[in-house]
Amino acid sequence: MSADDLDGVIHAPARLRIVATLATLNPGDEIGFPKLRALLDMTAGNLSTHLRKLEDAGYVQVTKTHEGRTPATYLKLTDRGRAAFRDYRTALAGLLKGTGA
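Quick note on the working numbering: the sequence shown kicks off at 929 and runs consecutively.
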């Protein structure tokens, strides 16, 4: 097992935090962009940039809608994203195995 076995899309610290947070939701559940931004204490621009990479990989679904006249963005981890995160955790555990961690 090597660091090369870790999913590079997820491995970036900000994206790992995003995926780990979204993974705490039940499958199919969504979280609003402002709530996720507040939970992660990230700027809107930084969060948007990382979400785009996760969306491009098929790991996150972004739904844009309106609540009345106000735009709203909701996010959820896709089945593919859940599987990728599960594989990432397995690969990381294998990498750490035997290190005394």
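Backbone N, C-alpha and C fix where the C-beta goes; we use that ideal spot for every residue, glycine too.
Here the structure is a predicted model, which is why all the values come from computation and not from measurement.
*Pair every Cβ in the stretch 1012-1024 with every Cβ in the stretch 937-945, then say whether three or more of these pairs are closer than 8 Å.*
yes
*Using a threshold of 8 Å, state whether the C-beta atoms of Glu-953 and Arg-965 are closer than that.*
For the record, residue 953 in the displayed sequence is Leu; it is not Glu. For Leu-953 and Arg-965, no; Cβs fall outside 8 Å.
*When the Cα atoms are used, what is the spatial distance from Ile-959 to Gly-986?*
17 Å
*asked:* Check for me: the beta strand (DSSP E) holding Leu-1005 runs from which residue to which?
replied: 998-1005
*Helix or strand or just coil, what does DSSP make of Glu-995?*
strand
*Going by the CB atoms, is the gap between Thr-1001 and Val-990 shorter than 8 Å?*
yes
*Beta-bridge partners of Val-990, as assigned by DSSP*: Leu-1003
*For Leu-1005, count neighbouring C-beta atoms within 10 Å of its own C-beta (all shown protein chains included) and say buried if the count is 16 or more, exposed if not.*
buried
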